[in-house]
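Residue numbers (my numbering): 46 to 344.
Ideal Cβ placement from N, Cα and C applies to all residues, glycine included.
Notes follow the structure.
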């Protein structure tokens with residue numbers, strides 16, 4: 046697929062801890078290329094400070110105005126970016142590792158993740174803008190002050206609170222109750238194994254769908270992997286595999302001209318008929334219905 050991987054830049058105006066890309070702050074960012082781009086390993090929180098921009102985010106046409114906040118999720122495709130000459134924004138890039146530092150997966154259910162995909166934008170009040178300005182000022186200040194004791198721990202802590210504020214605002218914007226769904230954590234080993242499992246599922250891009258194959262890659266049994274993921278994420282491995290497989294299918298239906306047979310072959314389905322039944326079972330529509338619906342929404 047002709048999609049460019051989007052990564053945080055380096056140089057003037059980009060703040061990070063040493064050479065790490067785990068946390069990157071951009072105090073002035075004027076836009077994206079017009080072609081298809083995908084933040085591969087990062088989520089990005091964008092706060093528009095002036096002007097206007099418009100783009101297509103995973104098939105959803107989005108317009109950003111001053112004081113709008115937007116959450117780009119990793120592996121989401123952005124295209125057709127346009128902006129006014131005075132467009133400017135602040136950005137906070139964070140890696141998957143940072144979501145584990147803040148225990149994101151103990152605070153978001155799969156329905157939360159789906160909600161964040163469908164409703165990634167919220168207009169900030171003046172009070173919210175002051176709050177976000179405070180967070181960004183603190184992050185920038187502590188990243189710059191590398192000589193201070195425990196500065197990296199302080200940055201991670203501030204970012205964790207900042208991301209919780211982002212989730213809280215997005216949940217409130219769509220009317221989700223303020224009470225968070227607290228899940229088990231499974232300890233450090235559980236988080237590390239779950240993180241590695243999710244990385245493998247994403248990297249396989251829908252081509253592997255058997256739990257035991259991922260268990261072998263992780264040198265554990267399928268039973269142990271299932272038990273640990275239920276404790277850590279309260280989700281079955283098969284649920285996560287299906288989630289990312291459907292995303293891989295949707296990307297091919299949206300952004301390529303591949304036939305149903307070509308997609309079936311690419312994703313190691315036994316045939317196009319089985320592929321179609323799989324997608325309809327998990328998405329509620331046939332691959333062709335999905336492709337037609339997407340292309341009509343773009344006209």
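Residue environment, residue i, which counts as buried when at least 16 other CB atoms sit within 10 Å
i	result
residue 51	buried
residue 255	exposed
residue 70	buried
residue 83	buried
residue 304	exposed
residue 219	exposed
residue 337	exposed
residue 277	buried
residue 87	buried
residue 85	exposed
residue 178	exposed
residue 269	exposed
residue 113	buried
residue 172	exposed
residue 326	exposed
residue 295	buried
residue 143	buried
Residue j beta carbon less than 9 angstroms from that of residue i
i	j	result
residue 332	residue 320	yes
residue 130	residue 89	no
residue 139	residue 180	no
residue 91	residue 115	yes
residue 58	residue 128	no
residue 286	residue 253	yes
residue 111	residue 97	yes
residue 289	residue 240	no
residue 135	residue 187	no
residue 210	residue 176	yes
residue 204	residue 184	yes
residue 335	residue 312	no
residue 243	residue 263	no
residue 132	residue 170	no
residue 66	residue 53	yes
residue 316	residue 306	yes
residue 300	residue 49	no
residue 212	residue 161	yes
According to DSSP, residues forming a beta bridge with residue i
i	result
residue 9	Nothing in the structure corresponds to residue 9, since the chain is present only between 46 and 344.
residue 238	Answer is none; residue 238 lacks a bridge partner.
residue 127	99
residue 204	According to DSSP, residue 204 bridges with nothing at all.
residue 50	83
residue 166	115
residue 133	95
Given 8 angstroms, three or more beta-carbon pairs between the segment 118 to 125 and the segment 93 to 108
yes
If we count Cβ pairs, one from each stretch, closer than 8 angstroms, do we get three or more for the segment 256 to 270 versus the segment 279 to 290?
yes
Just list the alpha helix (DSSP H) runs in the segment 261 to 343, keeping only unbroken ones of 4 residues or longer that don't cross its boundaries, in chain order.
267 to 278, 282 to 300, 305 to 311, 317 to 328 and 332 to 343
Segments assigned beta strand (DSSP E), at least 3 residues, entirely inside the segment 56 to 121:
59 to 61, 68 to 74, 82 to 84, 87 to 95, 97 to 102, 105 to 110 and 113 to 117
With a threshold of 8 angstroms, are at least 3 pairs of Cβ atoms found where one atom belongs to the segment 188 to 195 and the other to the segment 159 to 170?
no
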